[in-house]
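Just so you know, the protein sequences line up as chains A, S and Y, in that order. Here the first sequence is numbered in my numbering, starting from 1 and rising by one per residue. Here the second sequence is numbered in my numbering, starting from 144 and rising by one per residue. Here the third sequence is numbered in my numbering, starting from 287 and rising by one per residue. Idealized CB from N, CA, C, for every residue including glycine. Fair warning: this is a prediction, and the values are worked out from it, not measured in the lab. Written below as structure tokens is the structure these notes are about.
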Amino acid sequence: MQFTKIENGYMIYVEKGENIMESITQFCIKNKINNAQLSGIGAVKNIEIGAFDTDNKKYIRQNFEDTWELVSYQGNISLKDDIPFIHAHVAISDHNLDIKGGHLFEATVAAVGEFILRKIDNNVYRELNEDIGLPTLCMVDRS
Amino acid sequence: MQFTKIENGYMIYVEKGENIMESITQFCIKNKINNAQLSGIGAVKNIEIGAFDTDNKKYIRQNFEDTWELVSYQGNISLKDDIPFIHAHVAISDHNLDIKGGHLFEATVAAVGEFILRKIDNNVYRELNEDIGLPTLCMVDRS
Amino acid sequence: MQFTKIENGYMIYVEKGENIMESITQFCIKNKINNAQLSGIGAVKNIEIGAFDTDNKKYIRQNFEDTWELVSYQGNISLKDDIPFIHAHVAISDHNLDIKGGHLFEATVAAVGEFILRKIDNNVYRELNEDIGLPTLCMVDRS
């Protein structure tokens, strides 16, 4: 992984063969980044994505081994059990330019992974919401 | 809706059962947010999206009642008739991880809706452009 | 093209008939923007997108002449041969709201093109990586 500090965050280049979620999570732990906005593009393989089944309160998962374009990666970083946790959704496209998408569990960079992380100076955290079946964001104010 | 102030905007958690466009528009009116950048992810239902037919100058619309992952939400906020107006496009994925997408009219949060709003200190507004058939952005400079 | 200066960048409205990549690249050259984050939405036509074939180290390309919603546009700007270079991926949707996506070569605005460019005060550049077959980002630090 290469990176460079920018005004309120980092440009991050996750390199070929590196796992995106694992690499950036470790980067956040090391650099004490508790909250952030994260977005990026690239080309990935060995992708596991899913969709949340709200009735059964679990993720339906699919794996894609081939190389796909990482068309869109949008996510946020919050604290879960006091550790930086990335919640990210992706759209990926194959060589026909057809698209799949969903919640990202993990993906390995096949060519490049180019991300911009914008730090947020806050301590938003996640706690299990039993009604929803997911650890949801906990914030200060309510409207 | 939960929210927390961040450096130049807000993290916003639109909660289960709340309408995204309606909730965030009300939030912008209340907090005098005239211009902003808005992005997010989540899981939504009762979704109305569309594509603009440039020949007939009207939107083709489709509704999706089931729960879909909100894979990508990108938008901007400007003034239309002096009121904050959100223009947002989304990609959504079903339980097969197949994707649909387009201009978002409205969607209800099915599990979570996690957004980051970055305020822009400006007064960009929209005015009907009769050639295009849409209220388009009006800015200061021309290149 | 219309634009307005914002806190750390620009709101950019690429107008009907203008080419997105060409217009924004020229804008970056003129305004000496070497590094930036770029995102946007709109409606486009005469679109050329592709997927990188990592085995043959070349892009597979497809063209779409009709008008499509620009559902998501995410990119970054870095220096390539000392000139600002946009690397962007897009998702586009047709009138059935079906989606295609990939690496964007060029697209012409069919109705509107609404972008937000956030300048990054840095000198990240691209250099051909022969193992990958693409000009990849070169940054200061390694983790």
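Collapsed DSSP secondary structure at residue i in the structure displayed
i       : result
L287(Y) : According to the sequence shown, residue 287(Y) is Met rather than Leu. Coil.
I402(Y) : strand
I220(S) : strand
E334(Y) : strand
D241(S) : strand
E270(S) : strand
I430(Y) : Summary: the structure shown does not reach residue 430(Y), with chain Y confined to residues 287 through 429, and so no result is reported for it.
I275(S) : coil
I41(A)  : strand
Boundaries of the alpha helix (DSSP H) in which residue i is found, first to last residue
i       : result
M139(A) : It is not in any alpha helix (DSSP H) - M139(A) carries neither H nor E in the DSSP assignment.
E308(Y) : I306 to K316
Residue i Cβ short of 7 Å to the ligand SAH heavy atom set
i       : result
D368(Y) : In terms of ligand content, the structure shown is empty, and the ligand SAH therefore cannot be addressed.
Nearest residue (CA-CA) to residue i, options the options
i       : options                               : result
A322(Y) : G50(A), I60(A), Y59(A) and M11(A)     : M11(A)
V233(S) : L271(S), M144(S), H246(S) and S221(S) : H246(S)
W354(Y) : S182(S), D209(S), K243(S) and A186(S) : K243(S)
K173(S) : N272(S), N239(S) and F228(S)          : F228(S)
K291(Y) : E308(Y), M307(Y), C314(Y) and D368(Y) : C314(Y)
E351(Y) : N362(Y), G361(Y) and N332(Y)          : N332(Y)
N362(Y) : E308(Y), A374(Y) and I418(Y)          : A374(Y)
N349(Y) : I120(A), E114(A) and L97(A)           : L97(A)
I167(S) : R204(S), L260(S) and K223(S)          : L260(S)
M307(Y) : G399(Y), V426(Y) and D407(Y)          : G399(Y)
H381(Y) : Y202(S), I263(S) and D225(S)          : Y202(S)
N272(S) : K200(S), N265(S), I226(S) and E191(S) : K200(S)
M139(A) : D131(A), E48(A) and N122(A)           : N122(A)
K32(A)  : I41(A), D82(A) and E48(A)             : D82(A)
N177(S) : I275(S), L277(S) and I263(S)          : I263(S)
Cβ-Cβ separation, residue j to residue i (assumed contact under 8 Å), whole Å
i       : j       : result
N151(S) : E249(S) : No, N151(S) and E249(S) are not in contact; Cβ-Cβ is about 27 Å, not under 8 Å.
T54(A)  : A253(S) : 6 Å
R269(S) : S221(S) : 5 Å
Q26(A)  : E15(A)  : Q26(A) to E15(A), Cβ: 14 Å. No contact.
S93(A)  : V71(A)  : 5 Å
Y13(A)  : S39(A)  : Their Cβ separation, rounded to whole angstroms, is 14 Å, which puts Y13(A) and S39(A) out of contact at 8 Å.
A43(A)  : F401(Y) : So it is not a contact: roughly 23 Å between Cβ atoms.
G303(Y) : T394(Y) : 7 Å
For residue i, the first and last residue of its enclosing beta strand (DSSP E)
i       : result
I155(S) : G152 to E158
Extract the residue ranges of the beta strand (DSSP E) inside the segment 193-239 of chain S, only unbroken runs of 3 or more that lie entirely within it. Correct list: 201-207, 211-223 and 226-236.
Just by C-beta distance, which residues in the segment 107-137 of chain A are closer than 7 Å to chain B? As a matter of chain content, chain B is missing from the structure shown, whose protein chains are A, S and Y.
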